[in-house]
Structures are given as C-alpha cells and as structure tokens.
Amino acid sequence: MTEVGYPVLSSIIFFPLLAALVLLFVRHDGAARFITLCASVVEIMLAIPLLMHFVPSDVGFQFVEQYQWVPSLGLSYYLGVDGISYLMVLLTILILPLCVLCSWTYVKQRAKEFHICLLLMTTACIGVFLALDFVLFYIFWEAMLVPMYLMIAVWGGPRRRYASIKFFLYTLAGSTLLLVAMVAFFQSQGTFSIPELMQGEYSFRFQFWAFLAMALAFAIKVPMFPFHTWLPAAHVEAPSAGSVVLASVLIKMGAYGFLRFCMTLTPMGMDYFTPLFIALSVAGILYGGIICLGQTDVKKLIAYSSVAHMGFCTLGIFMFNLRGIEGALMIMLNHGLVTGALFMMIGAIYERSHSREIEDNQGMGKFLPAFMGFFGLFALSSLGFPGLNSFVGEALVLIGAFTSDWVIGLIVIPGAMLGAAYMLRLTQRMTYAPIGQEPSPKGKGWRDLSPREVTYLLPLAVLTIYIGLAPGFALRIIDPAIENLLAGYKQKSQPAGYLAEEGEREVPTVVEAALSRVEKVF
Amino acid sequence: MNLDATLIAPELYQLLVVLGLFVQTLAPAPKDHKPVAWIGAAALVGVLVSLVSLGGGATMFYGSYRVDGISQFFKLAVSIGFFIAAVNAVRQPTLRPRHGPDYFLFLALSAWGLMLLASSVELITAFIALEISSYSLFAIVPLRARSKGAAEAGIKYILFGAAATAVSLYGFSYILASQHTTYIAELATKSWSFAAEPLAALGLVLFLAGFFYKLALFPFHFWCPDVYDGASNETAAFVATLPKLGAVVILVRLAALLEPGLEITTALAALGALSMTFGNLAALAQRDIKRILGYSSVAHAGYITLGLVTGTAEGLAAAAFYSLAYILMNLTCFWVVCRLADDGRNLSLDDLNGLYKRAPGLALILLVAAFALVGLPPTAGFTGKLFLLSGAWAHGYNWLVIVAAVNTAISIYYYLNMVRHAYTFEAEGRTSPAVGAGSVAFGGLLAAAVLLLGAMPAPVFDMALEAGRWLLP
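As you go down the protein sequences, you meet chains X and Y in turn. The first sequence: position 279 = 278 (numbering that gives the first Met the number 0), numbered continuously. The second sequence: position 64 = 63 (numbering that gives the first Met the number 0), numbered continuously.
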C-alpha cells in the first residue's frame, strides 16, 4: 500500500470533493469561503506525508494504491506518484488556498457554488496527475471540464458564453479521440493499467495512429499552435481563480500527457512526428511572442504569453534529452507559479480599476508601490530573468535544443527575446506610464496591497526567488524519473527497421529528418 | 410444460397492476387531479419483485418463453423505467382526470408487453409481445387534450407503426419459409449469409425493420421527433425510453444470429453509423427540447448497435448496460422537462434560460443528465460508452468506434446548449416553476443514480455480462 500506512493519494484527491459536499449544506457565502480556505489548509497538511516520504531516487511509482473496480473489463482504481507528477501535484495543492484568497472579494455572487467548482477542479486535477489506470485518468481528465466550464460561464466576463463553449467544445472534441486510443490499447493488451501498458509491444502502424489520437487531445490542452485559440478567450473571460487554475494546472496536463503516455506507449509514433511537433512548438513560441507585442489588454497579453511559454515546454519535451525534458518540467512548475501569480495580480487590479486595459492602469508605481514591486518581480521572472525561476526552465530547454540541433536553438532565441520585449513594455507602462503621459488619474484613490493580497502573493514570490536561486532541489526530484523515461524511450523509439523500410535509418538531426520526410512527400 | 410462478413473478405482478387499473377504469372518475396516486408505490413494488426474481432460469410454454439472465435483467430495467415514468406522469397537467386510470392502464400494459418481450425466444411470441407493448402506446400518444399536434403525432405513430408491423410480418414469413422454424435457438444454428440463404437473410432484415422502428434507428426514425413533439411531455418520456428497451432486448437475442462479417451484421453496423451521424446532425438544428431529445435518441440507437454487432458476450452486455443507462439518463432529463412545463406545453431552449437562478436544483439535475447523455465521466453515459467502444473495437469495427467518437464530439454542442441556456442566460421575466421539494429530491435521486451507475458499474455490468454469456458462450 503506502509508506505511511494510509491511502495518502486517495485522501488528497477526495478530500476536496468531500469539502465540496459539505459546502452543499452551507447557506452563507462568507461561511463557504471560510470553509473552503480551511479545507485547502487541511489539504496541504494531508500532503505532508508526500513531502516527508517521497524518495526521488526511486524511479518507480510510489504511494501506490490499487483496488479492483470493474474486474471483468480489467479496470482498476490505481494511483501512484513519480518524479514526473510529484511537483505538479504539490503545485495544485498549493494553488488552491491562494485561489480562495484571491477570489475572496472578487467573486461577489453565488460564492458557495463558485467554491464548490473550485474544489471539484482540484479533485479532478490532482486525480489526473496521480491516476495510473487509463480510464481513471480519462475520468479525471474529462471531469474537470464541467467545473471549469461553469466557472467561466457563470462567473466570467462579458463574453463568457462564447469563451466557455469554445473552451468546452475544443477540449472535449480533442479528447474523444483519446478515448478511442484508450480502447485500442485495451484491446491490444487486455488491461487499462498504465504501468502494464508501458510493458507492451506495439507495431509502428498502431503507434502511428495511437500517437496521433492522443497527441490531438494533449496538443489542444497544452495548447499548441494552432489549437490555442480557445485559451486567450477562456483566460480573458474566466474569473481570476479560474484563470489561475487554467494557467497553473490545467494546461500542464497536455505536456504531462505527452510525457506520461506518448513517450512511454507510442515512442515510435512520437519519434516519427517529432519534426512536426517541433515546428508547431517553435511556431507557438514566435507567434505567441509577436501577438503579445500588440496586446492592449493585460490579461490577454499574459494569456498569449502562456502560448509562447508552453511552446518552450513542448519544445523541451520533443528534444528527447535530459536538459530538454528537465526544462519542460521546470517550465510546467514555474509557469504555474508565475503566470498564476500574474493572473491573481490582474484580478487584484481589476477589482480597483474595473478595467484590464493597460491604458486604464498605467503609471501605478506611484500609487501602488508594493503592488508594482510584486508585479515587477513576476514579470521579470516571466521574461526569463536570470536568478528567477522561469529562467531555469527556459535556459534548460535552450541548452536541450542546442544539444539536439543548433538550428532549432537559433530559431528559438528570438522567441526568448520577444518575451523580454513584451513583458518589459508591459511592466514599464504599468509602473511609469509612457513618456509624456500621466498615470491613470483614478489610481490616486486606490489602496495598495491588503494583508490578504500579500498573503497569497508572498508564497509565490518566495518560491519564484528560491527556485531561481536554487533549482537543484526540484531537479533532484525530477532527474531520476526523466533519466528512466529517456532510457525507455531511446530503447523503444527506434527498434531496428521501423524507418529502415523508408531508407532513412541514420537520421542525424531533426531538421534533416523533417526535410527528408518532406522530400518523400513531394 | 412446467410453470413456476416465482420465475415469472415480475410479469405476473405487472399483470396484476394492469388488472387493478382496469378495475379502476370501470369506477366513476374521481374529482381531484391525482387520479391514480397509488401507481407510484405499486410500480416501486414491481421493481422490488423484479429484483428478487433475478437469477432464475427456466424454459417454459413449449420452449417459446425463457427466463434467464438477460430476460431478468431487462425486466428489472423495464420495471425501473416504468416506476420512474409512472411517478413522472402522476400529476400530468394536460390529462383530464377521467382519463387517468386509462392512461396508466395503457402505460402498464405496454410495460407488461415489454417484459414478455424480454423472455420471448420464439419469433411469434416476440411479435405478439411487441404488439402488446405497441398498441397500448398507440392509444395514449394522442391523449393530449385538444391539441392538433397530438392528433397528428398519434396518426403518425399508428400509421408508421402499422406499416412497420406489416413489413416485419412479411419478413417473418420469409424466415419461416426458408428456415422452417421460429425458435431463435434453432435459427442460431442455421446459416444467415446472403449467399447461402438469400430468402432468410432478406426475411431477417425485414423482420428486424419492425424492431428498428421501435428503436428509432435510421432510416426508421422519421416518426420519432414528431411523435415526441406532439405527445404530452410525460407520454414522450415513456415512449422515448421503454420501447427502446424492448427493441434492444430482442436485438440482443437475435444477435446470436448476427455473426460479425455477415452481410446483415455489416448492414446493421452501417445503419448504426448513419443513425448516429444523422441523429446528431439533425439535433444540432433543433430548438424544441423534445425534438432535441427525439433526434438524440436516434443517435443513441446508433450507439447501441455498436454492442449488437460485436458477436461477443461483452458486446451484448455493453448494449444491455447502455440501454439501462440510457433510459435512466433520458428519464432524468425528461423529469426536469416535465417539472418545468407545469402547464404541459412544449419547452424550447429559451424556456431554460436562467434556470440556475429560478430552480437551482432542477438546473443541477439537468446538468448531470445532459452531461451523461454526452458521455462525460463520471456518469453512466461515459461508462456505458466505454463498454460499447471496447466491445466493438476488437471485431473489425474500428471504423464504427471512430464514427461513434466523432459523433460524441458533435453531440456535445446541443447537449451543452441546454446547460448553457440554464446556466449562462438571464431569466428575463420568466417565473420560477412551482416545484416541490419532493420533485427536486426525486430528480436528485435519479441524477445520483446516473452518477452512481457511472462510478460503480461493476455490479450491473457483471449482471449484464453473465446474461450475455448465457446467450453467447
């Protein structure tokens, strides 16, 4: 069972669900907020055994729980955590109380229902990272759509109907093919258990299609260019806490899916499509950066910057070397912390100005010094300032890219510079206002950060600096798992002859591989 | 002939209910609007009786009637469906009090016919059982007070039903002529390929057409949206669910004849694919909720064929499980529709606007039902679909699985539309429906059952699987 004698993983998954059930019977919104906050603190305490007993050097799954569920179909309730999922679970748990705090005054109506949605989201998100049964994974994967949909549709901005339905249709349409892939794997091996499926042998033809089916779901969730159009709409319209969960946790599931499923189950298929996905990642990085330059809405800017950041993340994964995947996992964590914090801050300033336009919020350094201090810190981190956390991830991905193919590295460098351009422009205008213009006059009447706001920003700021200065602790946790993942991938991705029939066994670089494939087509 | 009354307790009990209702129809009409308040309790007892009689096994009435796993499973499903439909219809606003006992008499009679159908293993018996269940519905579809639409619906239902019956009987004559038997067990040993037995294969197709009509499978679906539209909400709730079960049970029995690879099986798979696609696309354009549910039932009939064409016990179990899940989630959806239309009118999507403010409980129940119909976890709709897909994949029907998955993606839009209207649109002057706490609680129970069947499908699925193995070792 587990190292600590009780089902730790189940308890952290289902405790929020239990709290949501309790909330059903609460009448007052204030009480609902308070109960959710208490529940989120208890949730952190429930996760303490994870911190104490997780063994980074153990590359297998830890804290494993397995029970029969539908034996006649090989379905089981199967949970476990490893280095790939560990940090994401902790991030999800950490984000919950911060979300409650940042919506404390933001969500004014139907707060009880809002917090129920938030708790359900947490259950589903943690479940996704811990599930070791394909069906269980799929259940959590889909189950989070409903609370997220409601959060956008009920508590969102003026175009919430459009944004919420777009979000729902995109993500669910993508994952229906994941369901087909899941059924195909089951028919091939007679089980839904992920560790058992990883042991299976699959033909190239099978992997080709299975990879495509799964990758569509994951690419939409990440979201990779050109499947990203749901993200800015959803981010802009969602309430702050919704945007935070969306940015911090939800879109990480796509990258997680690539690592957990595509790399282990369909390595040959993944290898075959690598050039395409690298191209899409690079396109996402450059496209996201360029679009950000033209934004006047702060939230939209951060949303598009997520497209660029996640482009780095998928690029790191498709480099298939230690540094690249390390970088990808670090970006998953750091983007969660930093972008989450930025969305919370945008929510905080929206409560003051009732506008997300840069123009209406410019020059706030004069009136809100503490606020802009935090904002500057997170913005610097987001653009990849050395010494702050996001730098670690981006630098590792770039190292990975140069190691694998220097051409890709060179193409991506402008993407990183674009990040600096739009983030600095945003920070400069928010803090000082453009030269020759006055700060937004309304700013005089605004209060600087309240103790509540400091409470939810401070942990994120501390982690931003700490991971930036000492990334070693996170890398120690993820490295053994990544090495194990890569070893398996290298062994299974190119068994003699899967490309030999096409006469291209020795493929030196990704770019050449892509070119040779293009030549074949024409 | 051996007759053990305990084995056929569900249908005997149902007959008793029918007789009770018949006696009441002879009595003078009561004045109040709840003419047959006892029917809910009686139907609940029926569920218990079906539950108790699970697991029996015998063949009786000269081999034409068999009590086995599959029959008892479906009888349980019919009794659950009848219980929900009866409770739903008790306060039907469009029904004049003097029609009350007659109305429930026909509902109960139809459910009785479906129970008989579940045990029929001989074609004539099945045919008669089907007609018992159909004729009673012909009578109640037009029973909506002073409505031209109801009359039209009634005529459509009867005319097309009669035509389907005729075609079915005609096909039956071909089967009898070429295979010289009407017992399914014997028919299963014969060849059904078109090359070897063209007359029999043709006959079977025609015979099945009658059941496809009940199931509203494309291209036998055209009556379905119009009849739902014209019938009162409560009648539509019954017509949309229980007769489907009857069709599924006989198709499950006949699935023993439908080996994968046969022309008939391939044709059935193709009809399933068309049915899903057509039903979903047509539903996209609808505004009337009953029409949406009508076309969605055409699509769901297509999903069920996934299980029927596999030729394995798992596939049959999946079809059985899915049909139970389907009646449960569809009745949950109709429960909300019937409570909202407190004057018996037809609801359009706009009538759902702002429901989460006006009646939060009903809105939540509708949300669960709609997402279950989409097939979103952790509802019964998802688990059922998972069973269907995994059943169909291994037997050369990969394409059908992909069609089903793509169709699920299409169907999201119109189911989500209901939720969208309920949760994101403003009420704009619409009054709160007068719903009692009891109605919401019962609806909540239904929604909970949909979730529970999704989260813990093992007991029911294993029961269906055992029944399937009985049929196809």
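Where is the CB? At the ideal position from N, CA and C, for every residue including glycine.
Residue i vs residue j beta-carbon contact at 7 Å
{"i": "X:F139", "j": "X:I193", "result": "no"}
{"i": "X:G307", "j": "X:G288", "result": "Rather than Gly, the amino acid found at residue 307 of chain X in this sequence is Ala. Yes; because the gap between Cβ atoms is below 7 Å, this pair is in contact."}
{"i": "X:R331", "j": "X:G399", "result": "It should be pointed out that residue 331 of chain X corresponds to Met in this sequence rather than to Arg. Contact flag unset, no."}
{"i": "Y:A268", "j": "Y:G467", "result": "no"}
{"i": "Y:F21", "j": "Y:L106", "result": "no"}
{"i": "X:M120", "j": "X:V244", "result": "yes"}
{"i": "Y:A379", "j": "Y:V449", "result": "yes"}
{"i": "Y:L452", "j": "Y:I69", "result": "no"}
{"i": "Y:T240", "j": "Y:G343", "result": "no"}
{"i": "X:A480", "j": "X:G59", "result": "no"}
{"i": "Y:S177", "j": "Y:L198", "result": "yes"}
{"i": "Y:L489", "j": "Y:I263", "result": "Missing from the structure shown is residue 489 of chain Y; chain Y here goes from 0 to 472 and no further."}
{"i": "X:Y421", "j": "X:C291", "result": "yes"}
{"i": "X:M329", "j": "X:G442", "result": "no"}
{"i": "X:S449", "j": "X:F342", "result": "no"}
{"i": "Y:S119", "j": "Y:A125", "result": "yes"}
{"i": "X:G189", "j": "X:G73", "result": "yes"}
{"i": "X:F151", "j": "X:A233", "result": "The question names Phe, yet the displayed sequence has Ile at residue 151 of chain X. In this structure, X:A233 lies closer than 7 Å to X:I151 by Cβ."}
Chain-ordered chain Y contacts of residue i [CB-CB under 8 Å]
{"i": "X:E141", "result": "L375, P376 and F381"}
{"i": "X:V145", "result": "L366, F370 and L375"}
{"i": "X:V306", "result": "Under the 8 Å cutoff, chain Y gives no residues; its nearest Cβ is about 23 Å from X:V306."}
{"i": "X:A172", "result": "A408 and I411"}
Beta-carbon neighbours of residue i, restricted to chain X and to distances below 9 Å
{"i": "Y:W398", "result": "Those do not exist, as Y:W398 stays about 11 Å from chain X at its closest Cβ, beyond 9 Å."}
Bridge partners - residue i, DSSP secondary structure assignment
{"i": "Y:Q71", "result": "DSSP output for Y:Q71 lists no bridge partner at all."}
{"i": "X:L74", "result": "X:V69"}
{"i": "Y:A57", "result": "Y:V66"}
{"i": "Y:Y182", "result": "Y:E121"}
{"i": "X:Q61", "result": "X:V80"}
{"i": "X:E393", "result": "For X:E393, which the question treats as bridged, DSSP gives no partner whatsoever."}
{"i": "Y:S347", "result": "Y:D287"}
{"i": "X:S192", "result": "X:D132"}
{"i": "X:D296", "result": "X:E356"}
Chain-ordered chain Y contacts of residue i [CB-CB under 7 Å]
{"i": "X:V162", "result": "The amino acid at residue 162 of chain X is misidentified as Val; the sequence shows Ala. Simply none; closest approach about 10 Å."}
{"i": "X:R159", "result": "T423"}
{"i": "X:S71", "result": "F460, D461 and L464"}
{"i": "X:L149", "result": "Y422"}
7 Å Cβ cut-off: residues of chain X touching residue i
{"i": "Y:I401", "result": "V179"}
{"i": "Y:A393", "result": "Q186"}
{"i": "Y:L385", "result": "V134"}
{"i": "Y:T407", "result": "T175"}
Listed by chain order, chain X residues near residue i by CB distance under 8 Å
{"i": "Y:L388", "result": "L178, V179 and V182"}
{"i": "Y:A230", "result": "Simply none; closest approach about 31 Å."}
{"i": "Y:A404", "result": "T175, L176, L178 and V179"}
Cross-chain neighbours of residue i in chain Y, by beta carbon under 9 Å
{"i": "X:V106", "result": "By Cβ distance, chain Y contributes nothing, its closest Cβ being about 15 Å from X:V106, past 9 Å."}
{"i": "X:V88", "result": "Correct list: empty, because the minimum Cβ distance to chain Y is about 20 Å."}
{"i": "X:S75", "result": "Near X:S75 there are no residues of chain Y at all, since even the closest Cβ is about 11 Å away, more than 9 Å."}
{"i": "X:A152", "result": "V418, R419, Y422 and T423"}
* **Within 7 Å of chain X by C-beta, residues of the segment 409–423 of chain Y in sequence order** => Those residues of the segment 409–423 of chain Y that come within reach of chain X (Cβ to Cβ, closer than 7 Å) are I411, Y412, L415, R419, Y422 and T423.
* With 7 Å as the C-beta to C-beta threshold (strictly closer), list the residues of the segment 455–467 of chain Y near chain X in chain order. => The residues in question are P456, A457, F460, D461 and L464.
* Residues in the segment 336–351 of chain X having any Cβ partner in chain Y nearer than 8 Å -> From the segment 336–351 of chain X, no residue has a Cβ closer than 8 Å to chain Y.
* To do: Using a Cβ-Cβ cut-off of less than 8 Å, give me the residues of the segment 124–138 of chain X that come near chain Y, in sequence order.
  => So the list reads V134, Y137 and I138, given in the order they occur along the chain.
* For the segment 122–161 of chain X, list the alpha helix (DSSP H) runs that are entirely contained and at least 4 residues long, ordered along the chain. => Runs of the alpha helix (DSSP H) inside the segment 122–161 of chain X: 133–142 and 144–154.
* Taking a cut of 9 Å between CB atoms, which residues from the segment 105–118 of chain Y lie near chain X? -> Those residues of the segment 105–118 of chain Y that come within reach of chain X (Cβ to Cβ, closer than 9 Å) do not exist; the list is empty.
* To do: Note down, in chain order, all residues in the segment 176–202 of chain X with a beta-carbon under 7 Å from any beta-carbon belonging to chain Y.
  => Of all residues in the segment 176–202 of chain X, those with a C-beta nearer than 7 Å to a C-beta of chain Y are L176, L178, V179, V182, A183, F185 and Q186, reading in chain order.
* Asked: Residues in the segment 242–274 of chain Y with C-beta within 7 Å of chain X's C-beta atoms, listed in sequence order?
  -> Within the segment 242–274 of chain Y, no residue places its CB atom closer than 7 Å to a CB of chain X.
* With 8 Å as the C-beta to C-beta threshold (strictly closer), list the residues of the segment 319–334 of chain Y near chain X in chain order. => From the segment 319–334 of chain Y, no residue has a Cβ closer than 8 Å to chain X.
* Pull out every residue of the segment 52–68 of chain X whose Cβ sits closer than 9 Å to any Cβ of chain Y, in chain order. => Cβ contacts with chain Y come from Q67 and W68.
* Asked: Between the segment 11–45 of chain X and chain Y, which residues of the former have CB atoms less than 9 Å from a CB of the latter, in chain order?
  -> Among the residues of the segment 11–45 of chain X, none has a Cβ less than 9 Å away from any Cβ of chain Y.
* To do: With 8 Å as the C-beta to C-beta threshold (strictly closer), list the residues of the segment 224–258 of chain X near chain Y in chain order.
  => Correct list: empty, as no residue qualifies.
* Counting only runs of 3+ residues fully inside the segment 237–291 of chain X, write out the beta strand (DSSP E) ranges in chain order. => Whole beta strand (DSSP E) segments, 3+ residues: zero.
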